[in-house]
Amino acid sequence: MNTSEVGKQMQGKNTLADIALSRASNNAKGNVIAKDMEAVGIHAWFGKKHVLADVNLNFPAGSVTALIGPSGCGKSTFIRTLNRMHEFIPTAALAGQVMLDGKDIYEAGTDVTKIRLKVGMVFQKPNPFPSMTIGENVLSGLKLAQLKKNNTDELLESCLVRAGLWNEVKDRLNEHGGSLSGGQQQRLCIARALAVEPEVLLMDEPCSALDPGSTLRIEDTISELSQSMTIVIVTHNMQQAARVSDYTAFFLSDGGPGIMVETGETGKIFSAPTDKRTEDYVTGRFG
Amino acid sequence: MGITLTLIPIISIISTVVIKGYKGLHPTLLFKDMALASVNDPIANGGLLHALVGTVIMVFGALLISFPIGVLTALYLTEIKGKFSRPIKFLVQAMSGVPSIVAGLFILSSLVYPITKQLSGLMGSFALSILMIPTIARTAEEMLRLIPNDLREAGVALGSTQWKTVSSVVLPAAKSGLVTAVILGVARIIGETAPLLLVSGGGDSLNLNPTQGAMGSLPYYIWKAFLTGGTDEAFARAWGGMLVLLIFIFILFGLARFLSRSKVN
């Protein structure tokens, strides 16, 4: 389903719950090659500060899961534990397991670069590589991970098509990524993440630096990608969570470490949450 | 006001060098050495080919030594952030304060006297690189710190190793900054005279072999013309040498700016 349809439906239905329910009913999954992912008992620390406590969350194959919650509740930290980017920050520590297709990505002896190939990531700020052209940016993952691929032209096109950017850049693949607008740069980053064919795609507030039009384009892209991969998206925008996700998890920190308060189907979280704090948040009483 | 205060000395230096150095120019200046001429001979005798070539060889040699060491030091400080970061940073800062004559004396006592037992261009390059390494390391470090961490994260998140990310993403992004580091490094040493007096000497004839025998340089040529000559011709030679050195530096900087720009776009 694309966003314009969502837009039409939104005219008659105003609440977040309605948007989410209409999305769920329209969502027919295609062939899913995506993999299940499950976080089990995740705790995270920065130095001595305990920032996440005992998060358990399941991401079914081919689903879109939105992580919502006020700033500082640990949702970005959590998403970074799912591809081991958490450990990129000095002083960061972690306990718990992340099962990808039944195997713990933190198991001793696991090659972390292989994990990140399977679990791609799109960041908050668009960050195309400035020294590379648009085309080189898309294929940079192959070079960086030293993968061999034939038909790179085909791959280049298919990644850009899936990221919804092909028509805008097909005549200027040799220009630098910096010549694109912010929204185009972010879709370029999505295309770049797709080129190494991940099974799971993590998106850390991918639209927070973008204007509403670009945001809708990215949401279209997410809907299309969810046919073939498992997507986890952190967002501050509850409308966005309602529009794009199948499941929603609500995170909260009351000064101590962040916890996952409630999770469930997105329609249910926005219409009938079981926890009072979730209800207060999704109805806009705080956050 | 500030601009005037800055401009006056610069304009004064350039105009003095041009006015006085102009007299020292002659058609074969760049094509002859001083092997058959003394500094007091008429201007048209001899030239500074040996000095210009010597400067180019020694500066290039120093660059070959200093650039890898300086950039690797900067990478250690910005990318690896190992436990020796603080002492190394301190050492680099201390090194950038080393007087140039001390760098010359160090090479003289550690390499020239005990090992090679002769002056040479290579020894000059070694002495110059002691002065150049800290400049390149500090500038490269600052330039690498300007590269947003987002790019490193993006590289690593694509399944790259840290080294592959550094070589394919961070260093190319810092290219123009590294060119700046080279310019500043060259600028630091190109006019150095003291260490060269000690370790490379300054023959009057062209020497293309950096491993053997004294090698001339522009600063040495200027120094010698001023010190050993007493005639108008000798002074004209010295000023002419300065003019050539100045023009040489301008060309170098222009080239570096051009290179850094064309690499970015």
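Those protein sequence lines, which keep their order, are chains A and B. Using the working numbering, the first residue of the first sequence is number 162, and each one after it goes up by one. Using the working numbering, the first residue of the second sequence is number 1259, and each one after it goes up by one. The beta carbon of each residue, even a glycine, is placed where N, CA and C say it ideally should be.
Give me the chain A residues within the contact set of residue i, using Cβ-Cβ distance strictly less than 7 Å, ordered along the chain.
i, result
"B/Asp1291", "The premise fails here: B/Asp1291 is roughly 44 Å from chain A at the closest Cβ pair, so nothing lies under 7 Å."
"B/Leu1409", "Asn288 and Phe290"
"B/Val1427", "Phe290"
Could you name the residues of the same chain whose beta carbon sits closer than 8 Å to that of residue i, not counting the 5 residues immediately before and after it, in chain order?
i, result
"B/Leu1310", "Leu1288, Leu1476, Val1502 and Phe1506"
"B/Ala1412", "Val1427"
"A/Gly233", "Ser414 and Gly419"
"B/Ile1359", "Ala1452, Pro1453 and Leu1456"
"A/Leu317", "Gly296, Val299, Leu300, Leu334 and Ala356"
"B/Thr1274", "none"
Counting only Cβ pairs nearer than 8 Å, list the residues of chain A close to residue i.
i, result
"B/Val1437", "Result: empty, since nearest Cβ-Cβ is about 13 Å, beyond 8 Å."
"B/Thr1419", "Thr274"
"B/Thr1423", "Leu305"
"B/Ala1431", "Phe290, Pro291 and Ser292"
Quick one: grab the DSSP three-state call for residue i.
i, result
"B/Thr1313", "helix"
"B/Phe1289", "coil"
"A/Tyr267", "coil"
"A/Met162", "For A/Met162, the predicted structure reports a pLDDT of 45, less than 50, and the residue's modelled location is therefore unreliable. A value from the coordinates is still provided. Coil at A/Met162, not helix or strand."
"A/Phe249", "helix"
"B/Phe1318", "helix"
"A/Leu316", "helix"
"B/Gly1488", "coil"
"A/Ala205", "strand"
"B/Gly1435", "helix"
"A/Asp215", "strand"
"B/Asp1462", "coil"
"A/Asn192", "Any reading at A/Asn192 needs caution, since the residue's pLDDT is 46, under 50, leaving its predicted position unreliable; the model's value is listed next. It is coil, neither helix nor strand."
Roughly how many angstroms separate the alpha carbons of residue i and residue j, rounded to a whole number?
i, j, result
"B/Pro1372", "B/Leu1517", "41 Å"
"A/Asp197", "A/Ala222", "4 Å"
"A/Leu228", "A/Leu218", "10 Å"
"A/Lys437", "A/Val443", "10 Å"
"B/Ser1270", "B/Lys1278", "12 Å"
"A/His247", "A/Leu349", "23 Å"
"A/Glu385", "A/Ile351", "12 Å"
"B/Gln1470", "B/Gly1379", "7 Å"
"A/Ala205", "B/Asp1408", "21 Å"
"B/Ser1296", "B/Pro1267", "33 Å"
"A/Gly245", "B/Gly1340", "Sequence check: residue 245 of chain A is Arg here, not Gly. The alpha-carbon atoms of A/Arg245 and B/Gly1340 are separated by roughly 21 Å."
"B/Ile1327", "B/Trp1481", "31 Å"
"B/Gly1488", "B/Pro1300", "13 Å"
"A/Thr424", "B/Ile1391", "57 Å"
"A/Leu341", "B/Ser1368", "56 Å"
"B/Phe1348", "B/Met1401", "18 Å"
"A/Lys210", "A/Gly235", "12 Å"
"B/Asp1291", "B/Pro1468", "17 Å"
"A/Val212", "A/Ser237", "11 Å"
"B/Ile1405", "B/Trp1421", "15 Å"
"B/Ala1514", "B/Ile1441", "7 Å"
"B/Met1353", "B/Lys1375", "26 Å"
Can the beta-carbon of residue i be found closer than 8 Å to that of residue j?
i, j, result
"B/Leu1377", "B/Ala1472", "yes"
"B/Leu1436", "B/Ala1398", "yes"
"A/Ser375", "A/Gly325", "no"
"A/Val253", "A/Pro418", "The amino acid occupying residue 253 of chain A in the given sequence is Ala; Val does not appear at that position. It is not a contact, given that the beta carbons lie outside the stated cut-off."
"A/Ala200", "A/Val283", "no"
"B/Gly1417", "A/Arg323", "no"
"A/Gly230", "A/Leu371", "no"
"A/Val422", "A/Phe431", "no"
"A/Val393", "A/Leu355", "no"
"A/Gly281", "A/Pro359", "yes"
"B/Gly1474", "B/His1308", "yes"
Run through chain B and tell me which residues come within less than 8 Å of residue i, C-beta to C-beta.
i, result
"A/Arg378", "Simply none; closest approach about 20 Å."
"A/Val393", "Going along chain B, no residue has its Cβ under 8 Å from A/Val393, so there is no contact; the nearest lies around 14 Å."
Cutting at 7 Å between CB atoms, please list the residues of its own chain near residue i, excluding the five before and the five after it.
i, result
"A/Ser301", "Phe290, Met293 and Arg353"
"B/Ala1361", "Ala1385, Ile1388, Leu1389 and Pro1453"
"B/Val1444", "Val1317, Leu1321 and Leu1510"
"A/Pro434", "Glu423, Glu440 and Val443"
Could you name the residues of chain B that residue i contacts, counting a contact when the two beta carbons are closer than 9 Å?
i, result
"A/Phe239", "Result: empty, since nearest Cβ-Cβ is about 16 Å, beyond 9 Å."
"A/Arg277", "Val1414, Ala1415, Leu1416, Gly1417 and Ser1418"
"A/Met246", "Glu1411, Val1414 and Ala1415"
"A/Phe284", "Asp1408, Glu1411, Ala1412 and Ala1415"
Which same chain residues end up closer than 6 Å to residue i when comparing Cβ atoms and leaving out the 5 residues on each side of it in sequence?
i, result
"A/Lys286", "Ala370"
"B/Val1370", "Met1381 and Val1457"
"A/Leu303", "Lys310"
"B/Ala1483", "Val1297, Ala1492, Arg1495 and Ala1496"
"A/Asp365", "Ser237, Ile240, Phe284, Gln285 and Val395"
What does residue i reach in chain B if we use C-beta pairs closer than 7 Å?
i, result
"A/Asn219", "By Cβ distance, chain B contributes nothing, its closest Cβ being about 23 Å from A/Asn219, past 7 Å."
"A/Met129", "The first residue shown for chain A is 162 and the last is 448, placing residue 129 of chain A beyond what the model contains."
"A/Arg438", "Within 7 Å Cβ-Cβ: nothing; A/Arg438 doesn't reach chain B, min ~32 Å."
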